[in-house]
Structure formats: structure tokens, C-alpha cells
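Chemist: In my numbering, the protein residues as written are 15 to 375.
Every residue gets a Cβ at the ideal spot worked out from N, C-alpha and C, and that includes glycine.
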């Protein structure tokens with residue numbers, strides 16, 4: 015018979031929630047807000063949700079700048095719908111983040127103060143009308159491939175939000191492809207404008223939308239790569255992510271090449287060619303040098319977009335204050351109505367009691 019001390023009993027008690035959590039994730043079940051979860055899991059999901067939400071509300075700016083310059087009412091209405099969708103995606107994701115016990119006001123403050131960041135994909139200018147189509151076709155196309163597996167991510171509120179987000183993003187990709195098709199079938203100048211936009215947005219899409227490479231790095235990037243690899247392994251073990259960055263990147267290239275060929279556009283990577291043996295397209299690997307080049311191209315736009323977001327947030331303070339005041343007034347009115355109803359029922363009951371007394375008398 016083995017002796018079990020207090021320390022062993024305490025350790026077993028601490029391990030029990032972890033074991034239940036691991037079994038839940040291992041069975042492919044959803045982790046819900048009231049379920050016990052390790053602090054590391056909570057932090058990882060929250061970090062991903064926050065950056066994802068920030069990217070939606072920052073990412074709407076490059077296209078939003080073209081709302082007043084759209085070439086037709088039809089194109090303007092389509093772009094308005096798309097930009098509105100992106101804002102809605104941010105709301106879905108901030109709501110999911112709040113289920114982890116944070117306030118969206120704190121998340122927005124972290125974005126505005128530079129403590130958290132949106133995806134660097136949108137640290138680039140939208141110089142021409144063709145950029146709006148390229149962003150929708152390429153970057154939203156990358157988003158669908160990147161985010162579709164998140165519909166099965168282990169955190170339930172995140173997965174449910176992503177099912178709606180991905181449905182709308184799929185529409186954005188088709189809208190972007192349709193705009194690019196119209197440009198490519200237009201004048202030579204319009205097709206040249208489309209090609210120029212693809213040349214500028216290809217690297218941000220293929221490099222930044224999927225995150226850093228899974229490969230090891232040397233020099234200054236060695237520690238960053240090692241930490242990133244460890245985080246990625248843990249995220250996959252917990253079911254937060256389902257595929258590696260490079261796996262999703264390869265899927266993106268496989269989907270884009272045939273579409274570009276149909277449009278008559280050239281993707282700016284001379285290494286792209288069909289590999290019969292692998293059944294996939296070869297392309298220039300996104301190593302750490304390529305990733306760093308895409309990441310650090312221009313921080314001016316990153317600062318400008320956050321400054322614009324901060325100014326819009328400050329300008330909208332009166333709306334939030336009015337909404338809060340209305341909610342408080344409604345809450346007070348409901349409480350007063352409830353008290354009046356209770357008093358009425360109490361008084362009505364006393365009257366009935368008096369009637370019964372008189373009858374007995």
C-alpha cells in the first residue's frame with residue numbers, strides 16, 4: 015500500500031482540471047467561456063482574437079479611402095457593403111474576446127496606444143482603384159484560406175464568429191475577382207493598372223497574411239523563430255490553429271495561380287510553376303529575409319492608420335456616451351416599473367385578504 019501525502023493530493027487536484035481540459039480538446043469538443051482553461055490557453059486565444067479584430071477595423075481603411083472616388087454608383091455600393099462587413103467582423107471578434115473577461119474598450123486602447131497591433135498586411139497604401147479589387151481578391155482570398163480552419167478552432171465563441179466572417183469574406187473575394195476581371199477586359203491602361211496593383215500586393219498577401227515562416231532562422235531572427243515555432247506547436251496541440259503557416263501559404267498559391275491565368279495577370283514570382291510530382295505549384299519560399307522585407311517596408315502607413323482610428327474613436331465618444339446614458343435610463347425605468355408592479359401585486363393581495371376576512375365575519 016503506497017502512502018499518499020498532502021502534497022501528492024494537492025498535485026493530483028491541480029492536475030485534474032488540466033486533464034479534463036486536455037481530454038475536451040483532444041475529443042474535438044469546443045471550449046466554452048465557463049469551462050476551466052489554462053491561463054496560457056486563455057492568453058493565446060485572446061491575443062489572436064485581439065489582433066484579428068484590430069486587423070478587421072484597420073484593414074477597412076485602404077479600401078474605405080476609395081468610397082468617394084469609386085467610378086460608378088454600382089461599384090460604390092458594393093464597396094460600401096464590403097467596408098461595412100469588415101467593421102462588422104471587428105465587432106464579432108471583439109464580442110468573442112469579451113467572453114474571456116476583457117473589455118473591448120481596453121483592447122481598443124491597447125491598439126490606439128501601440129501596445130497591440132493589427133496585421134502588417136495593411137501597412138501599405140491603396141494607390142489606385144485597382145488596389146481595392148486586388149485587396150479583395152488577394153488579401154481576402156488569403157484570409158479565407160487562413161480563417162476557414164478557424165471555423166473549427168477549439169474556442170467555441172471564436173469558431174462561431176468565424177463561420178459568419180468566412181461566409182462574408184468569400185463574397186468579398188468574388189467581388190474583388192469581378193472587379194479585376196472588369197479591369198482586365200477593359201482598356202490597356204486599366205489592365206496595366208490591375209497588373210501594377212497585383213505587383214505591389216502579392217508579397218504582403220503571400221508573406222504577411224499567413225505569418226512568419228515555419229522554418230528555422232539564423233542570426234537576429236533565431237530567437238524569434240524558435241519562440242514562434244514553440245507557440246505554433248502549442249496552438250496546434252490546443253486546437254487553436256489547425257495548420258502551419260507554410261501549409262496555408264501553399265494552399266493560397268495553388269488557388270491564386272489558375273485565377274491569375276484566367277484574368278491574364280502575372281503573379282510577380284518567376285519561380286511559380288506547376289510541380290507534377292507534388293501536385294502543387296512551386297513558388298519562392300517565404301523565408302525570414304523575405305518576411306522581414308515585407309514586414310518592414312513602410313511603417314508610415316501603420317502609424318497613419320492607427321492615428322486615423324484613434325481620431326475616429328475620439329470623435330465618436332458622444333455616441334458611446336449617449337448610448338450609455340440611454341441604457342442607464344432604460345434600466346432605471348425598467349427597475350422602477352418592476353417595483354411598481356410588485357407594490358401593486360402586494361396591495362392587491364392585501365385587498366383580497368381583507369375581502370376574505372369580511373366574508374368570514
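Under 8 Å Cβ to Cβ from residue 16, same chain only, skipping five residues before and after it: list those, please.
Modeler: Counted from its first residue, the chain shown places residue 16 at position 2. Any answer about residue 16 is weak, because its pLDDT of 48 lies below 50 and its placement is not dependable; what the coordinates show is given next. Once the five neighbours on either side are set aside, residue 16 has no close Cβ partner at all.
Chemist: With contact counted as at least three CB pairs below 8 Å, one residue from each stretch, are the region 253–273 and the region 155–165 in contact?
Modeler: yes
Chemist: Going by the CB atoms, is the gap between residue 33 and residue 74 shorter than 8 Å?
Modeler: Numbered from its first residue, the chain shown carries residue 74 at position 60. Numbered from its first residue, the chain shown carries residue 33 at position 19. No, the Cβ-Cβ distance between residue 74 and residue 33 is not below 8 Å.
Chemist: Report buried or exposed for residue 290, applying the criterion of at least 16 other Cβ atoms within 10 angstroms of its Cβ.
Modeler: Mapped onto the chain shown, residue 290 falls at position 276. Result: exposed.
Chemist: Hey, residue 77 and residue 107: beta-carbon distance below 8 Å or not?
Modeler: Position 63 of the chain shown holds residue 77. Position 93 of the chain shown holds residue 107. No, they are not a contact pair.
Chemist: Counting only runs that start and end within the region 190–272, where is the beta strand (DSSP E) found for 3 or more residues in a row?
Modeler: Entirely contained in the region 190–272, not one beta strand (DSSP E) run reaches 3 residues.
Chemist: Could you spell out the range, first to last residue, of the alpha helix (DSSP H) harbouring residue 294?
Modeler: Working through the chain shown from its first residue, we reach residue 294 at position 280. Residue 294 -> not in any alpha helix (DSSP H); beta strand (DSSP E) instead, spanning 294–296.
Chemist: If you run the structure through DSSP and keep just helix, strand and coil, what is residue 287?
Modeler: On the chain shown, residue 287 is found 273 positions in, with the first residue counted as 1. Residue state, collapsed to three classes: strand.
Chemist: With C-beta atoms as the reference, is residue 227 less than 8 Å away from residue 300?
Modeler: Numbered from its first residue, the chain shown carries residue 227 at position 213. Numbered from its first residue, the chain shown carries residue 300 at position 286. Cβ atoms of residue 227 and residue 300: closer than 8 Å.
Chemist: Name the one or two DSSP bridge partners that residue 45 has.
Modeler: In the chain shown, counting from the first residue as 1, residue 45 sits at position 31. 169.
Chemist: Does DSSP put residue 280 in a helix, in a strand, or in coil?
Modeler: Residue 280 sits at position 266 when you count from the first residue of the chain shown. Coil at residue 280, not helix or strand.
Chemist: Residues in its own chain within less than 6 Å of residue 128 by CB, not counting five upstream and five downstream?
Modeler: The residue labelled residue 128 in the question sits at position 114 within the chain shown. Same-chain partners within the cutoff: there are none.
Chemist: Suppose the cutoff is 7 Å on Cβ atoms and the five residues either side in sequence are ignored; what does the same chain contact list for residue 157 look like?
Modeler: One-based indexing of the chain shown puts residue 157 at position 143. Result list for residue 157: 183 and 223, in chain order.
Chemist: So, with DSSP's three-state summary, where would you put residue 129?
Modeler: Counting from 1 along the chain shown, the entry for residue 129 is found at position 115. In this structure, residue 129 counts as coil in the three-state DSSP scheme.
Chemist: For residue 115, name the three-state secondary structure that DSSP assigns.
Modeler: In the chain shown, counting from the first residue as 1, residue 115 sits at position 101. Looking at residue 115 - three-state DSSP - the assignment turns out to be coil, as it is neither helix nor strand.
Chemist: Could you have a look at residue 51 and say whether DSSP puts it in helix, strand or coil?
Modeler: Counting from 1 along the chain shown, the entry for residue 51 is found at position 37. Residue state, collapsed to three classes: coil.
Chemist: Do the region 313–327 and the region 130–148 make contact, defined as three or more Cβ pairs closer than 8 Å?
Modeler: yes
Chemist: Within 10 angstroms of the Cβ of residue 138, are there 16 or more other Cβ atoms? Answer buried if so, exposed if not.
Modeler: As a first step, residue 138 is located in the chain shown; it is residue number 124 there, counting from the start. The Cβ neighbour count for residue 138, taken over all protein chains shown within 10 Å, is at least 16; the residue is labelled buried.
Chemist: Once you ignore the five residues that flank residue 371 on each side, which residues in its own chain have a CB closer than 7 Å to its CB?
Modeler: Sequence index remark: in the chain shown, residue 371 carries index 357 (1-based). Residue placement at residue 371 is flagged as unreliable, the pLDDT there being 46, under the threshold of 50; the coordinate-derived value follows with that caveat. A distance below 7 Å between beta-carbons, with the five flanking residues on each side excluded, links residue 371 to no residue of its chain.
Chemist: Please state whether the Cβ-Cβ distance between residue 58 and residue 35 is less than 8 Å.
Modeler: Walking along the chain shown from the start, residue 58 turns up at place 44. Walking along the chain shown from the start, residue 35 turns up at place 21. The Cβ atoms of residue 58 and residue 35 do not sit closer than 8 Å to each other.
Chemist: How about the region 141–159 and the region 183–197: do they share at least three Cβ pairs that are nearer than 8 Å?
Modeler: Contact between the region 141–159 and the region 183–197 is present, because at least three Cβ pairs lie under 8 Å.
Chemist: Would you mind working out which of 336, 72 and 207 sits nearest residue 98, comparing C-alpha positions?
Modeler: For the purposes of this step, residue 98 is taken as residue 84 along the chain shown, with counting starting at 1. Out of 336, 72 and 207, 72 has the C-alpha closest to the C-alpha of residue 98.
Chemist: Would you tell me roughly how many angstroms separate the C-alpha atoms of residue 342 and residue 333, rounded to the nearest one?
Modeler: Position 328 of the chain shown, counting from 1, holds the residue named residue 342. Position 319 of the chain shown, counting from 1, holds the residue named residue 333. Using only the alpha carbons, I get a separation of about 14 Å.
Chemist: Work out the CA separation of residue 199 and residue 142 for me, nearest whole Å.
Modeler: Indexing the chain shown from 1 puts residue 142 at position 128. Indexing the chain shown from 1 puts residue 199 at position 185. If you take the alpha carbons of residue 142 and residue 199, they lie about 17 Å apart.
Chemist: For residue 151, which residues from the same chain have a beta carbon less than 7 Å from its beta carbon, with the 5 sequence-adjacent residues on both sides left out?
Modeler: Along the chain shown, one-based indexing puts residue 151 at 137. Correct list, in chain order: 187, 190, 191 and 194.
Chemist: So, at 7 Å on beta carbons, what are the nonlocal neighbours of residue 265 in its own chain, with the 5 sequence-adjacent residues on each side left out?
Modeler: Working through the chain shown from its first residue, we reach residue 265 at position 251. These residues qualify, in order along the chain: 159.
Chemist: Measuring CB to CB, does residue 145 end up less than 8 Å from residue 211?
Modeler: Sequence index remark: in the chain shown, residue 145 carries index 131 (1-based). Sequence index remark: in the chain shown, residue 211 carries index 197 (1-based). Yes, Cβ-Cβ distance for residue 145 and residue 211 is below 8 Å.
Chemist: Measuring CA to CA, which of 344, 305, 41 and 278 is closest to residue 204?
Modeler: If you number the chain shown from 1, residue 204 lands on position 190. Of the listed residues, the one whose Cα sits closest to residue 204 is 278.
Chemist: Is any beta-carbon of chain B found at less than 8 Å from that of residue 225?
Modeler: Absent from the structure is chain B; it holds one protein chain and no more.
Chemist: When the Cα of residue 41 is compared with those of 284, 292, 251 and 115, which residue comes out closest?
Modeler: Within the chain shown, numbered from 1, the residue matching residue 41 stands at position 27. When each option's Cα is compared against that of residue 41, the closest is 251.
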